[in-house]
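Take a look at the structure below.
Chains as they are written, first to last, in the numbering used here: chain X, 259 to 561; chain B, 445 to 632.
The following block contains the structure:
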């Protein structure tokens, strides 16, 4: 099919995409969030083991707006959200596009559990606004968006339930991601929203470790119909621990020939000045549009 | 060697000394995790299927595959002999490998081979061949229905189901991919 006909055929999806964005914006405003825009071209992305960036001009196309949004948190912006393009090199597939739209939001004074509650409410309201119902049909499966039906499942329980290998063994054998993708993810978000929570500390990324159990990080990922939609943390506010994690990730990146980043000075200045206790979520907006439009390919819901 | 990022549907790879073709492919990557390349594949010799997941650092062997255009020459009593269209070198192929295709070989017809380590593993014949019907019950005149079939034989003994209006001496087209009747070319 030619490019123009393909775009014409996407019209219904793109119209729903616009409605969904509007419903979500209204939801965030209702809860007192300020919509902001941070730069797409950034000097120093976060040091992450498995996310590669696209170098551009004097810096990099952002793989996420996280570091800049945390600077706003440190500057006293208590509730912020942003829709914006992000780029991740080499990610291409049915659920991946090198360029995609992130919906990212932060709330000061929240922890990851409270942010789950807020996320449920905003998504439920959006489902009613866009779809006229709390129940969506996705690829022949009814998905209940009502907050009461949402499931909170720890990574440890998910491994007990669905994995052929124990969590500790999976980590020791470096098979965590493989088992997640092959055995666990397809079982999650079946009929309702699943918040897969409490990741092993080695998978904390930028999440703080639980005060009750330092072996796990206060992090969740939202799944609907087996699809990973978002990643949330109780944000790590400790400058020293953050520097340590970045150094470890930078060493991994160097050993694997990944792009070398300068120090994220402005981000560490924010941590030094004091990041409030807060929680944030990064949601792949295109994937949410896939769910809302019953599409099984990300290409169907974006230009 | 291929790297994992080369994997895609249709790619042919080698695992433990056998050629496999990828029939389904999915790029997977947990947001904060490593990329994984999930493949469903089919053994190109046995037809057996399996699933395998690759990591970004995995290297995958390339199979020693060769495509060859030939034309069919003759049967020497045991083997069927094809001539390389460029070099005229002979390729001897067993009846066992050819299976049903032995009935569809026509002298000088182009035949495409896929060879693995020099041995044929796949043959592609012209999609349609024409054969004359030598045996069948007399046709019901005026019955032009194509969905009611009766048995028939063609000049080399191949048995085929044909519509009722086909008679001995008619020339019919056979689809070599399915081995089934396609249409009537001419009446006796």
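All C-beta atoms, glycine included, are put in the ideal place defined by N, C-alpha and C.
Chain B contact for residue i (CB, 7 Å cutoff)
i	result
residue 436(X)	yes
residue 288(X)	no
residue 474(X)	no
residue 367(X)	no
residue 341(X)	no
residue 463(X)	yes
residue 308(X)	yes
Integer Cβ distance of residue i from residue j, believed to fall under 8 Å
i	j	result
residue 546(B)	residue 523(B)	About 11 Å separates the two Cβ atoms, so there is no contact after all.
residue 480(X)	residue 500(X)	Residue 480(X) to residue 500(X), Cβ: 24 Å. No contact.
residue 517(X)	residue 475(B)	Not really, about 18 Å apart at Cβ, beyond 8 Å.
residue 485(X)	residue 353(X)	6 Å
residue 573(B)	residue 550(B)	6 Å
residue 377(X)	residue 411(X)	No, residue 377(X) and residue 411(X) are not in contact; Cβ-Cβ is about 15 Å, not under 8 Å.
residue 293(X)	residue 283(X)	7 Å
residue 340(X)	residue 362(X)	5 Å
residue 505(X)	residue 447(X)	Contact flag wrong, Cβ pair sits at about 35 Å.
residue 382(X)	residue 355(X)	The Cβ separation is near 27 Å, so there is no contact.
residue 447(B)	residue 348(X)	That belief does not hold up - the Cβ atoms of residue 447(B) and residue 348(X) are roughly 11 Å apart, past 8 Å.
residue 617(B)	residue 606(B)	Their Cβ separation, rounded to whole angstroms, is 11 Å, which puts residue 617(B) and residue 606(B) out of contact at 8 Å.
residue 516(B)	residue 552(B)	7 Å
residue 529(B)	residue 513(B)	4 Å
residue 331(X)	residue 364(X)	6 Å
residue 620(B)	residue 596(B)	Not quite, the Cβ-Cβ distance comes to about 17 Å (not below 8 Å), so this is no contact.
residue 465(X)	residue 476(X)	5 Å
residue 485(B)	residue 464(B)	4 Å
Within-7 Å CB hit, residue i to chain X
i	result
residue 497(B)	yes
Buried/exposed call for residue i, threshold 16 Cβ in 10 Å
i	result
residue 263(X)	exposed
residue 518(B)	exposed
residue 439(X)	buried
residue 337(X)	buried
residue 614(B)	buried
residue 473(B)	buried
residue 531(X)	exposed
residue 492(X)	buried
residue 359(X)	buried
residue 575(B)	buried
residue 421(X)	buried
residue 481(B)	buried
residue 502(X)	exposed
residue 525(X)	buried
residue 561(X)	exposed
residue 315(X)	exposed
residue 261(X)	exposed
residue 291(X)	buried
residue 643(B)	This structure gives no information on residue 643(B), because the portion of chain B shown stretches from 445 to 632.
residue 327(X)	buried
Under 9 Å by beta carbon: chain A residues contacting residue i
i	result
residue 449(B)	In summary, chain A is missing from the structure at hand, where the protein chains are X and B.
| Taking three-plus beta-carbon pairs below 8 Å as touching, is the segment 530-547 of chain X in contact with the segment 451-460 of chain B? | no
| Stretch pair the segment 411-421 of chain X + the segment 441-460 of chain X: three plus CB contacts closer than 8 Å | yes
| request: Spell out a yes or no on whether the segment 550-561 of chain X and the segment 386-399 of chain X are touching, meaning 3 or more CB-CB pairs, one atom from each, closer than 8 Å. | output: yes
| message | Closer than 8 Å between beta carbons: that is the criterion. Which residues of the segment 458-483 of chain B meet it against chain X? | response | 470, 471, 472, 473, 474, 475, 476, 477, 478, 479, 480 and 482
| query | Which residues, taken in chain order from the segment 535-548 of chain B, show a beta carbon closer than 9 Å to some beta carbon of chain X? | reply | none
| message | Residues of the segment 488-522 of chain B in Cβ contact with chain X at a cutoff of 9 Å, in chain order, please. | response | 495, 497, 499, 500 and 501
| said: Under 8 Å, with one C-beta from each stretch per pair, do the segment 558-566 of chain B and the segment 498-512 of chain B reach the 3-pair mark? | reply: yes
| query | Listed in chain order, which residues of the segment 484-499 of chain X have Cβ atoms closer than 9 Å to some Cβ of chain B? | reply | 486, 488 and 489
| Should the segment 506-523 of chain X be regarded as contacting the segment 467-474 of chain X, the criterion being three or more beta carbon pairs within less than 8 Å? | no
| query | Listed in chain order, which residues of the segment 344-360 of chain X have Cβ atoms closer than 9 Å to some Cβ of chain B? | reply | 346, 348, 349, 350, 351, 352, 353 and 354
| request: Closer than 8 Å, Cβ to Cβ, to anything on chain B: give me those residues from the segment 437-451 of chain X, in chain order. | output: 438, 439, 440 and 443
| If you pair each beta-carbon of the segment 365-376 of chain X with each one of the segment 531-541 of chain X, do three or more pairs fall below 8 Å? | yes
| task | Decide if the segment 314-327 of chain X is in contact with the segment 295-302 of chain X; the criterion is three or more beta carbon pairs, one per stretch, under 8 Å apart. | result | yes
| query | Contact between the segment 420-433 of chain X and the segment 485-492 of chain B: three or more CB pairs below 8 Å? | reply | no
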